[in-house]
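Below is one structure, written out as structure tokens, with a few remarks after it.
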Amino acid sequence: MHQTLRTLSAAWDAALIANDAPAVAAFMAEDWVYVTETGPVPKADIVGWIAAGKLQHFSFETIGPDRIVIHGDTAIMTARKISTGAWDGVPYTADEWISEIYLRQPGGSWLCVLSQKCPAE
Numbered sequence: 002m003h004q005t006l007r008t009l010s011a012a013w014d015a016a017l018i019a020n021d022a023p024a025v026a027a028f029m030a031e032d033w034v035y036v037t038e039t040g041p042v043p044k045a046d047i048v049g050w051i052a053a054g055k056l057q058h059f060s061f062e063t064i065g066p067d068r069i070v071i072h073g074d075t076a077i078m079t080a081r082k083i084s085t086g087a088w089d090g091v092p093y094t095a096d097e098w099i100s101e102i103y104l105r106q107p108g109g110s111w112l113c114v115l116s117q118k119c120p121a122e
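Per my numbering, the very first residue in the sequence shown carries number 2; after that it's consecutive.
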């Protein structure tokens, strides 16, 4: 199960790097949110920004081991990732701890319901 989630996370990163909005959206539950320092951002905003080219991702690299905890049909994955991209044409580099909560769907697939990121120190 842990490897399934690692593979899913890597595929999601690949969709982000491809800046493929529909592929990115397929990893998220409809009510998925991204929690930032200013509060939750809904799926529609993130997917819309990617589709419009306002948010672009160029790379993701996982640093060190991840942590995966599974409770029934819920999984929590935490990892440190370094990413590059651009926001509204301005390049960025981010070194962050990322926690994601996944729910197992009927049939065994997983969808992310929440992502939260904070700067790594």
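For each residue, glycine too, the CB sits at the ideal point set by N, CA and C.
If you're wondering where the values come from, they're calculated on a predicted model, not measured in any experiment.
Helix, strand or coil, according to DSSP, for residue i in the structure here?
i    : result
D89  : coil
A80  : strand
S116 : strand
S100 : strand
D74  : coil
G65  : strand
G40  : strand
Since I believe residue j is in contact with residue i (beta carbons under 8 Å), could you give me their beta-carbon distance rounded to a whole number of angstroms?
i   : j    : result
W98 : K118 : 7 Å
H58 : S84  : 6 Å
D96 : P120 : 7 Å
Near residue i, which residues of its chain fall below 6 Å by C-beta distance, leaving aside the five closest residues on each side in sequence?
i   : result
K55 : D89
T79 : R68 and S100
M29 : K44 and C113
P41 : V34
Output yes or no for whether 8 Å exceeds the beta carbon distance between residue i and residue j.
i    : j    : result
T63  : K82  : yes
L112 : I69  : no
K44  : A26  : yes
A22  : A52  : yes
D14  : V114 : no
Going by C-alpha distance, which of the options is nearest residue i?
i   : options           : result
H72 : T37, Y103 and Q57 : Y103
S60 : A19, E38 and V48  : A19
D74 : S110, G86 and P92 : S110
Excluding the 5 residues flanking residue i on each side, which residues of the same chain have their C-beta closer than 8 Å to its C-beta?
i   : result
A24 : A16
So, at 7 Å on beta carbons, what are the nonlocal neighbours of residue i in its own chain, with the 5 sequence-adjacent residues on each side left out?
i    : result
H3   : I69
V48  : A22, V25 and A26
R105 : D74 and W111
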